[in-house]
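*Asks:* Numbering (our numbering), first residue to last: 64 to 311.
Note that beta-carbon positions come from the ideal geometry of N, C-alpha and C, so glycine has one too.
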Ligand code: ADP
Ligand code: MG
């Protein structure tokens, strides 16, 4: 589903991604872990072309792009790739002046040109899926952080993406609200959604990930099953990180 080869990204003199190679199969969940500043967010943003990589190759679904430092991407190259992905952000990023329902309908009507009736139908199903069937008419400020984030997931799903990308979806939440969001994500994983999740929730990684990817200083230092990465690696950088987050 996703293939990344030799992907590089710099901001001015700072090389943030130093040649990333990854494959993520359809229906699988990849969890990316690693210290702050290691390039996890930049990698996710490169996957939906919110950042343009400098060099390397990316394919998502049946869309492929080769990046070269010299040629700038055209919008008609960017949009097909971006359409394959849905992004869930740490800070929810809901429109404050729209209800939960309207937030989930917005991209459907503006980008996908669905009718309001169709978009509403889809939104209703998704509200039910994330356990918020009776909250559609509420505004973001009337919802808890956990509820807002579940709306954020429903909004991403509404665009029928091939892949869902999550950037620390629970790190802004009070601890007692983390579980309800992780539960929704776990359900999606079990239903065969392809997901790339940046998180510090190590138990989620152990339970749900098909592949755990450890990044440090812009490279993939270790990748494998949760068992391999959490229990059988002897990589010193990984061990140091796991100790720090009390995951080992
Ligand atoms: P992580 O998500 O793992 O914490 P990031 O991908 O956010 O890491 O950042 C990696 C490095 O890239 C950091 O040093 C950060 O300051 C830098 N960086 C990220 N985005 C930008 C940007 N738009 N401009 C300049 N530097 C950036
Ligand atoms: Mg980040």
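1. Could you please give the first and the last residue of the uninterrupted beta strand (DSSP E) stretch that includes residue 278?
2. With DSSP collapsed to three states, give me the class of residue 69.
3. How long is the line joining the alpha carbons of residue 236 and residue 136, rounded to whole angstroms?
4. What is the rounded straight-line gap between the Cα of residue 69 and the Cα of residue 84?
5. Would you mind stating whether residue 259 and residue 88 have Cβ atoms separated by less than 7 Å?
6. Between residue 197 and residue 162, what straight-line distance do the alpha-carbon atoms span, to the nearest angstrom?
7. Which residues in the same chain as residue 26 place their Cβ atom closer than 6 Å to its Cβ, once the five residues preceding and following it in sequence are excluded?
8. Return the chain-ordered list of same chain residues with a C-beta closer than 8 Å to the C-beta of residue 274, the five sequence neighbours on each side being excluded.
9. Using the Cα positions of residue 116 and residue 97, report the straight-line distance between them to the nearest angstrom.
10. Please give the ranges of any alpha helix (DSSP H) in the segment 85-154, keeping only runs that are unbroken, at least 4 residues long and fully inside the region.
11. Can you tell me the Cα-Cα spacing of residue 155 and residue 217, whole angstroms?
12. For residue 267, write down the residues that DSSP places opposite it in a beta bridge.
13. Assign residue 164 to one of three DSSP states: helix, strand, or coil.
14. From residue 189 to residue 220, what does the alpha carbon distance come to, in whole angstroms?
15. Ignoring anything shorter than 3 residues, give me the beta strand (DSSP E) runs that lie fully in the segment 159-214, in order along the chain.
16. Cα separation between residue 300 and residue 102?
17. Quick one: any contact between the segment 239-250 and the segment 72-80, if contact means 3 or more CB pairs under 8 Å?
18. Out of curiosity, what's the CA-to-CA distance linking residue 119 and residue 130?
19. Should residue 233 be listed as close to the ligand ADP, given that the test is whether its C-beta is under 6 Å from any heavy atom?
20. Quick check: residue 224 and residue 148, are their CB atoms within less than 7 Å of each other?
21. Short check: CB of residue 230 to CB of residue 271, under 7 Å?
22. Just to be sure I understand the criterion: a residue counts if its Cβ is closer than 5 Å to at least one heavy atom of the ligand ADP. Which residues meet that?
*Replies:* Taking the geometry as given:
1. As a working note, residue 278 is residue 215 in the chain shown. 274-279 is the extent of the beta strand (DSSP E) around residue 278.
2. Taking the chain shown and counting its residues from 1, one reaches residue 69 at position 6. Strand.
3. For the purposes of this step, residue 236 is taken as residue 173 along the chain shown, with counting starting at 1. For the purposes of this step, residue 136 is taken as residue 73 along the chain shown, with counting starting at 1. One C-alpha to the other measures close to 36 Å.
4. Residue 69 sits at position 6 when you count from the first residue of the chain shown. Residue 84 sits at position 21 when you count from the first residue of the chain shown. Near 6 Å, if we compare the C-alpha coordinates of residue 84 and residue 69.
5. Translated into positions along the chain shown, residue 259 becomes position 196. Translated into positions along the chain shown, residue 88 becomes position 25. Against a cut-off of 7 Å, the Cβ pair of residue 88 and residue 259 comes out as no contact.
6. Mapped onto the chain shown, residue 197 falls at position 134. Mapped onto the chain shown, residue 162 falls at position 99. Going by the C-alpha atoms only, they are around 12 Å apart.
7. Since the first residue of the chain shown is 64 and the last is 311, residue 26 is not available in this structure.
8. Your numbering for residue 274 matches position 211 in the chain shown. Result list for residue 274: 87, 91, 92, 93, 94, 286, 287 and 288, in chain order.
9. Within the chain shown, residue 116 is the residue found at index 53, counting from 1. Within the chain shown, residue 97 is the residue found at index 34, counting from 1. C-alpha separation (whole angstroms): 20 Å.
10. 103-110 and 138-146
11. Start at 1 with the first residue of the chain shown, and residue 155 comes out as number 92. Start at 1 with the first residue of the chain shown, and residue 217 comes out as number 154. Distance between the alpha carbons of residue 155 and residue 217 is about 11 Å.
12. Counting from 1 along the chain shown, the entry for residue 267 is found at position 204. Beta-bridge partners of residue 267 (DSSP): none assigned.
13. Here the question's residue 164 lines up with position 101 in the chain shown. Note: residue 164 maps to helix in three-state DSSP.
14. Locating residue 189 in the chain shown gives position 126, counting from the first residue. Locating residue 220 in the chain shown gives position 157, counting from the first residue. Cα to Cα, the separation comes out at about 8 Å.
15. Runs found: none.
16. Mapped onto the chain shown, residue 300 falls at position 237. Mapped onto the chain shown, residue 102 falls at position 39. The straight-line gap from Cα to Cα measures roughly 15 Å.
17. no
18. One-based indexing of the chain shown puts residue 119 at position 56. One-based indexing of the chain shown puts residue 130 at position 67. Taking the straight line from one Cα to the other gives about 5 Å.
19. Here residue 233 corresponds to residue number 170 of the chain shown, with the count starting at 1. Because no heavy atom of the ligand ADP lies under 6 Å away, the Cβ of residue 233 does not count as near it: no.
20. Here the question's residue 224 lines up with position 161 in the chain shown. Here the question's residue 148 lines up with position 85 in the chain shown. Yes, the Cβ-Cβ distance between residue 224 and residue 148 is below 7 Å.
21. Reading the chain shown from its first residue, position 167 is the one you call residue 230. Reading the chain shown from its first residue, position 208 is the one you call residue 271. Cβ atoms of residue 230 and residue 271: not closer than 7 Å.
22. 74, 79, 99, 100, 101, 102, 103, 104 and 105
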